[in-house]
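Same order as they appear, the protein sequences are chains L, S, G and C.
Just so we're aligned: the first sequence equals residues 0 to 262 in numbering that gives the first Met the number 0.
Just so we're aligned: the second sequence equals residues 0 to 84 in numbering that gives the first Met the number 0.
Just so we're aligned: the third sequence equals residues 0 to 129 in numbering that gives the first Met the number 0.
Just so we're aligned: the fourth sequence equals residues 0 to 500 in numbering that gives the first Met the number 0.
Only one structure is covered here, and it is reproduced in the block below.
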Amino acid sequence: MKENKSRKKLAAGLIIVIIAVGTAAVKIGAFLPTIGDADTPANSYVANYYITNAVKETHSYNIVTAVLADYRGFDTLFETCVLFLSALVTMMVLFGKEKVPKMPVKNLAEDKYSAAFGGDIMDASFRIVVPIILIYGIYVLFHGEISLGGGFQAGALIACAYLLDRIIPSIRMGRGKIKEETALIIASMGAFFYVITGILPMFNGGNFLEFAKLPFGSSLAAESIVKLHTAGILMIEVGVTVCVMGVIIAILEVVLERTDFDE
Amino acid sequence: MPILLLEGLLLIAMIAIAAAIILGKKLLAATVIYCGFSLIAMLLYTVVGAADVAFTEAVIGTISTVYFIIAIKSIKGKRADDERK
Amino acid sequence: MSELIEKLEFFLADRGIYMLTLILFAVAVYGMIACGNYMKKLMCMNMMQVSIIFFFLTFGQKNGGTLPVAIDEVLSAEAYINPLPHALMLTAIVVSLGTTGVGLALLMRIKDIYGTIEEDRITGDGGKKQ
Amino acid sequence: MNQIADHLPVLVILLPLCGTLLCPIISHFNINAGKRTVITALFLSIVCAVLQLIQVITTGEAIHYWLGGWAPPIGIEFVIDGLNGVVILLVAIISFTTALYSSPFEKLERIDRIHSAGYYSMLAFLSVGLLGLSSTGDAFNLYVFMEITAISGYGLIAVGEDKGPIASFRYLMTGTIGACMYLLGIGFLYAATGTLNMADLADRLTGLMDSPLIVMSAACLIVGFGIKMALFPLHGWQPAAHSYAHPAADPMIAGIMIKIPAYAMLRFFFCIFDEQSHVMQLFFNAIGVMAVIGILFGSLKALRYDTYNKILAYSSIGQVGYIAMGFAIGNFYGIIGAILHIVSHAFMKAGLFYTSGALKYKYGIHDINELGQVYRKMPVTSLTMVICALSMIGLPPFAGFFSKWYLALGAIEKGNYFYVAVLILSSLLGAIYFFRIMEKLFMGEKTAREKELPEKSRFELPWQMLLPLLTVVAAVILLGLFNAYIVNGVLKTTIWEVVLT
Chain L
0 MKENKSRKKL
10 AAGLIIVIIA
20 VGTAAVKIGA
30 FLPTIGDADT
40 PANSYVANYY
50 ITNAVKETHS
60 YNIVTAVLAD
70 YRGFDTLFET
80 CVLFLSALVT
90 MMVLFGKEKV
100 PKMPVKNLAE
110 DKYSAAFGGD
120 IMDASFRIVV
130 PIILIYGIYV
140 LFHGEISLGG
150 GFQAGALIAC
160 AYLLDRIIPS
170 IRMGRGKIKE
180 ETALIIASMG
190 AFFYVITGIL
200 PMFNGGNFLE
210 FAKLPFGSSL
220 AAESIVKLHT
230 AGILMIEVGV
240 TVCVMGVIIA
250 ILEVVLERTD
260 FDE
Chain S
0 MPILLLEGLL
10 LIAMIAIAAA
20 IILGKKLLAA
30 TVIYCGFSLI
40 AMLLYTVVGA
50 ADVAFTEAVI
60 GTISTVYFII
70 AIKSIKGKRA
80 DDERK
Chain G
0 MSELIEKLEF
10 FLADRGIYML
20 TLILFAVAVY
30 GMIACGNYMK
40 KLMCMNMMQV
50 SIIFFFLTFG
60 QKNGGTLPVA
70 IDEVLSAEAY
80 INPLPHALML
90 TAIVVSLGTT
100 GVGLALLMRI
110 KDIYGTIEED
120 RITGDGGKKQ
Chain C
0 MNQIADHLPV
10 LVILLPLCGT
20 LLCPIISHFN
30 INAGKRTVIT
40 ALFLSIVCAV
50 LQLIQVITTG
60 EAIHYWLGGW
70 APPIGIEFVI
80 DGLNGVVILL
90 VAIISFTTAL
100 YSSPFEKLER
110 IDRIHSAGYY
120 SMLAFLSVGL
130 LGLSSTGDAF
140 NLYVFMEITA
150 ISGYGLIAVG
160 EDKGPIASFR
170 YLMTGTIGAC
180 MYLLGIGFLY
190 AATGTLNMAD
200 LADRLTGLMD
210 SPLIVMSAAC
220 LIVGFGIKMA
230 LFPLHGWQPA
240 AHSYAHPAAD
250 PMIAGIMIKI
260 PAYAMLRFFF
270 CIFDEQSHVM
280 QLFFNAIGVM
290 AVIGILFGSL
300 KALRYDTYNK
310 ILAYSSIGQV
320 GYIAMGFAIG
330 NFYGIIGAIL
340 HIVSHAFMKA
350 GLFYTSGALK
360 YKYGIHDINE
370 LGQVYRKMPV
380 TSLTMVICAL
390 SMIGLPPFAG
400 FFSKWYLALG
410 AIEKGNYFYV
420 AVLILSSLLG
430 AIYFFRIMEK
440 LFMGEKTARE
450 KELPEKSRFE
460 LPWQMLLPLL
470 TVVAAVILLG
480 LFNAYIVNGV
490 LKTTIWEVVL
500 T
């Protein structure tokens, strides 16, 4: 009874919020630029510079990747750091503290249907899926500047491939586990690789993350500078991939450690 | 330009899902609906033209739903343990 | 009928989409404040972030613009959608994943310590006690 | 790296970042080496901060550092002027001393490798976030740094005492709402101007100040920054978070984590928005009301508690109110007062939390009723406590007096005597609750019993803990004695040129 009453209260509050904010938002919306208009300040000032110059300056056909990895590469560095930090915090909060008591291991051959996460069909199909996911992940990584995708998605896909391998069969078999600490170290190394990529130009007279001054090319011709931008973007994407992969593996390993699927 | 109409419909669906999650009773059901929410969000990003963001949202939606389900599993599992004792 | 649709679309372009986005934002914030269950609070937090991300993407739209993936080297500014909000929101979306991960970890720890994730039970047990 | 001097602004942040990223792998081989890496990196960061501040003062111009070599509206830039040079130095000093201070606690708890390395990584990440927050010149970059600060803060609060996780979870909820409000505010600004660089925003906003978009944006930013700096009606997360955080990291969380958002708010409201416009005056009045209620509420609430950390936490709510009051006054003296209060209160509150941690370390004391006669065993700690408390109350030779003095001058110049009355009243209340602590300290009966510590030290505390205490005492006294030089030599020109234009 009491629960029903509180739910009614909740619903009433919800309706009030929707109506109140709706009426207020109609007024606010009128001041915001009309959707689809190309001449608003948001669409015409800095954005046009990116669109017209990105390919020329960075040789990255995906303009979003160009902005993300080159023009605003510093943001992306700290975005990677945020992910690493979240893995670190998860680890600090959960690792080694009052684990769930593991159920005694039953004779697994007898109830293999209940023991595994998936069952036989998943067990058979994942063997086909995992290599494809891996290949797709690597494709997304190296193709990120031409088509959609980039380091983050690639890292997540590779981590997903590992996780399928981890979740579906190995609760029965217990093989192929990356330790939590190892995963965390992999993640930190990925982020550190990003930082190193940023520091290298500083030895060559450039600013932090200034890919045009990467100490790889010898000539200062325009073509080689564009190639240096490509190299720089690729390097940081690799760093992001490694970091994201490590982070997702670390978090899920920590969490899986506390979970029983034997119910 | 019927795209805006589509956007509006998707947004209304998202508001409905948000209300359902807030008012719903069962946690697991809320998680499954939340998965639908991130699917609609992905569609919305695609409609708007942000294909990169949609790709990321698809990946993140999957991962965060897995997080939520594992968390519920671990929380539920322990409660079952407590009751057994 | 088509006239009605045209009017509706004009309304949506002018203010309707913003209105719906802000309503979604408000509903999510309301859920974060009013829901008693911490898991639901986390879901509402995610929804709030989605609404903000969508808010940024809305005013990057352009009539007649296509995806910001260039086909050739000569580009005109009108032909492509504004790429800057997309790049910003990619960052924001990843940050939101990080926050969710931390939130879930804390949730499990709270479950370990208090044995529940309902807010009234926790505050009743002495969460607010000095 | 032929010219290190060119890269100082980014090196200040990069050194702790490298330290924190290398800490897990180095700790894998040797725990102490990982810890020392972080501490060394933080120390080098202080050196860079000092060098860059000297460079700013001698040349008299702001340093602009273009990250990635892209010019400002296209790329991200760091802007270092006299104002944030001081704030960066403050953050670097407190991060270093806190990292040093943490090492004895680790032996006390006998924690394993991962937790030790993770603790130092999080501490250094907090430092990175705060340093970035105060040096960046890009609005969206500020959001990213804000999240770095917040997430490392959640971690450091959650690994604290038993109620840490719940305090941390509440902070996570509130803090995320704050960050989203900030992002919404940036969204409105971006919709109105099309740029994210702060200097460029200021240029393009002239003449737009009465537009409803800007009003909405300012409202969102007040809520966002207000949550992050625990301004009065939005302070809900703060007392629990500050009381239950890890005792070694608490000085940093309580000392600077709520001050740097206040500094960022100053940058937004005075450098980007036109503070003379009619709309902003209304907002400043609103902030003033929040500040006054916050000051009185925090001081009164602090009287009610017996837990040392709770008293300090509620006192922080009041002290943040002073900073907000400085913004509300809005003239030269008000800004000077706010900036000086950011710096001096960071040292004072960090010092008080250092003493709180020392008491926990040696006696396990949480409650002020157990403080009796502790001063005989811990003279330096008691001295620090007394000096910081006197400075908090606002007695003349110490740093806390001067910030209140400038705030009062500003209020008088503006003709607002109500603020002066509030300042005096709250100083009296502060005197009451700090003298309560000191009375217990010097006149109470002896009740506390020493804990058994893992290692004996020659002094009352290990030297790693004494050094931060002495640093804070020195800073509070020096800031008081050389106040005129700091104001005239460093802050004055910058405030006239950058803030009040």
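Idealized CB from N, CA, C, for every residue including glycine.
Report task. Output, in chain order, the set of chain G residues within a Cβ distance shorter than 9 Å of L/Ile27. Result -> In chain order: Arg14, Tyr17, Met18, Leu21.
Query - Per DSSP, the bridge partner or partners of G/Lys61 - result: L/Gly35
Query raised in the report: Ordered along the chain, which non-local residues of its own chain (more than five positions away) have a Cβ less than 6 Å from that of C/Ile328?
Result: Correct list, in chain order: Gly409, Ala410, Lys413.
Query raised in the report: Taking 7 Å as the CB-CB limit, is C/Ile255 close to chain L?
Result: no
Query raised in the report: Between the region 90 to 110 of chain G and chain S, which residues of the former have CB atoms less than 8 Å from a CB of the latter, in chain order?
Result: Ile92, Val93, Ser95, Leu96, Thr99, Gly100, Leu103, Leu106, Met107, Lys110
Query raised in the report: In whole angstroms, what is the alpha-carbon distance linking G/Phe53 and C/Ala157?
Result: Spanning the two alpha carbons is a distance of roughly 31 Å.
Query raised in the report: Mind checking if S/Gly7 is an interface residue toward chain G, Cβ cutoff 7 Å exclusive?
Result: yes
Query raised in the report: Okay, do the region 289 to 308 of chain C and the region 371 to 382 of chain C touch, 3+ Cβ pairs below 8 Å being the bar?
Result: In short, these stretches do not touch, since the Cβ pair count stays below three.
Query raised in the report: Secondary structure at C/Leu66, three-state DSSP: helix, strand or coil?
Result: strand
Query - Distance, G/Thr57 Cα to L/Val99 Cα - result: Residue confidence is low: L/Val99 scores 48 on pLDDT, short of 50, so the model does not pin down where it sits. No coordinate-derived value is stated.
Query raised in the report: Taking the alpha-carbon positions, what's the C/Gly325 to C/Glu60 distance?
Result: 25 Å
Query - Residues from the region 85 to 96 of chain L in contact with chain G, defined by Cβ distance under 9 Å - result: Ser85, Ala86, Val88, Thr89, Met90, Met91, Val92, Leu93, Lys96
**Report entry** Neighbourhood of C/Ile364 by C-beta, 8 Å cutoff - its chain only, sequence neighbours within 5 removed
**Finding:** Tyr307, Leu358, Leu370, Val373, Ala447
Report task. Run the CB neighbour count on C/His277, radius 10 Å, all protein chains shown included, and call it buried at 16 or more, exposed below. Result -> exposed
Report task. Answer with buried or exposed for L/Asn3, where buried requires no fewer than 16 other C-beta atoms within 10 angstroms of its C-beta. Result -> exposed
Query raised in the report: Does L/Asp36 have its Cβ less than 7 Å from a Cβ in chain C?
Result: no
Requested in this report: Could you tell me the boundaries of the alpha helix (DSSP H) in which C/Ile75 lies?
Outcome: Boundaries for C/Ile75: no alpha helix (DSSP H) harbours it, while the beta strand (DSSP E) harbouring it runs 75 to 79, taken from the DSSP string.
Query raised in the report: Listing by chain order, which chain G residues have their CB less than 8 Å from the CB of C/Glu146?
Result: At a beta-carbon threshold of 8 Å, the residues of chain G lying near C/Glu146 are Val94, Gly97, Thr98, ordered along the chain.
Requested in this report: Less than 8 Å between the CB atoms is what I'm expecting for C/Ile113 and L/Glu256, so what's the real figure, rounded?
Outcome: In fact, because the Cβ distance is near 13 Å, the residues do not count as touching under 8 Å.
Requested in this report: List the residues of chain G that C/Phe400 touches, going by C-beta distances under 8 Å, in chain order.
Outcome: Within chain G, no residue comes near C/Phe400; the closest Cβ sits about 32 Å away, beyond 8 Å.
Query raised in the report: Apart from the five residues on each side of it in sequence, which residues of its chain come closer than 7 Å, Cβ to Cβ, to G/Ile16?
Result: Thr57
Query - Cβ of S/Met13 within 7 Å of any chain G Cβ - result: yes
Query raised in the report: What residues from chain L crowd round S/Ile62, counting only those whose CB sits closer than 7 Å?
Result: Those within 7 Å of S/Ile62 in chain L are Ala155, Ile247.
Report task. Whole angstroms is fine: what's the gap from L/Ala53's alpha carbon to L/Asp69's? Result -> Looking at the two C-alpha atoms, the distance is approximately 9 Å.
Query raised in the report: Got a sec? Which residues, its chain only, sit under 6 Å from L/Val104 by beta carbon, not counting five neighbours each side?
Result: Residue placement at L/Val104 is poorly supported in this model, since its pLDDT is 44, which falls under 50; the coordinates still yield a value, given next. Contacts found: none.
**Report entry** Supposed close pair G/Ile4, S/Ile74 - CB separation, criterion 8 Å
**Finding:** Actually they do not touch by this definition, with Cβ atoms about 47 Å apart.
Query raised in the report: Just to confirm, are C/Val78 and C/His63 a CB contact at a threshold of 7 Å?
Result: Yes, they are a contact pair.
Query raised in the report: Who are the neighbours of L/Gly10 on chain S, taking C-beta pairs under 9 Å?
Result: The sequence shown places Ala at residue 10 of chain L, not Gly. Within chain S, the residues near L/Ala10 are Ala18, Ile21, Leu22.
Requested in this report: State whether the region 114 to 129 of chain C contacts the region 17 to 36 of chain C, with contact taken as three or more CB pairs (one from each stretch) at a distance under 8 Å.
Outcome: As far as the Cβ criterion goes, the region 114 to 129 of chain C touches the region 17 to 36 of chain C, which means the pair count is three or higher.
Report task. Under 7 Å between beta-carbons, which chain S residues line up against L/Arg71? List them in chain order, please. Result -> Neighbours of L/Arg71 on chain S: none; closest Cβ ~14 Å, over 7 Å.
Query - Local conformation of L/Ser113 per DSSP, three classes - result: Caution is warranted here: a pLDDT of 43 is assigned to L/Ser113, below 50, making its placement in the model unreliable, and no coordinate value can be reported.
Report task. Using a cut-off of 7 Å between C-beta atoms, extract the partners of G/Val26 located in chain S. Result -> In chain order, Ile14, Ala17, Ala18 make up the part of chain S whose C-beta sits under 7 Å from the C-beta of G/Val26.
Query raised in the report: Helix, strand or coil: how does DSSP classify C/Asp366 here?
Result: strand
Query raised in the report: Which residues mark the beginning and the end of the alpha helix (DSSP H) in which C/Trp404 is found?
Result: 398 to 413
**Report entry** Per DSSP, cross-strand counterpart(s) of G/Val68
**Finding:** L/Asn61
**Report entry** Test: G/Gly30 CB closer than 7 Å to a CB of chain S
**Finding:** Yes, contact with chain S.
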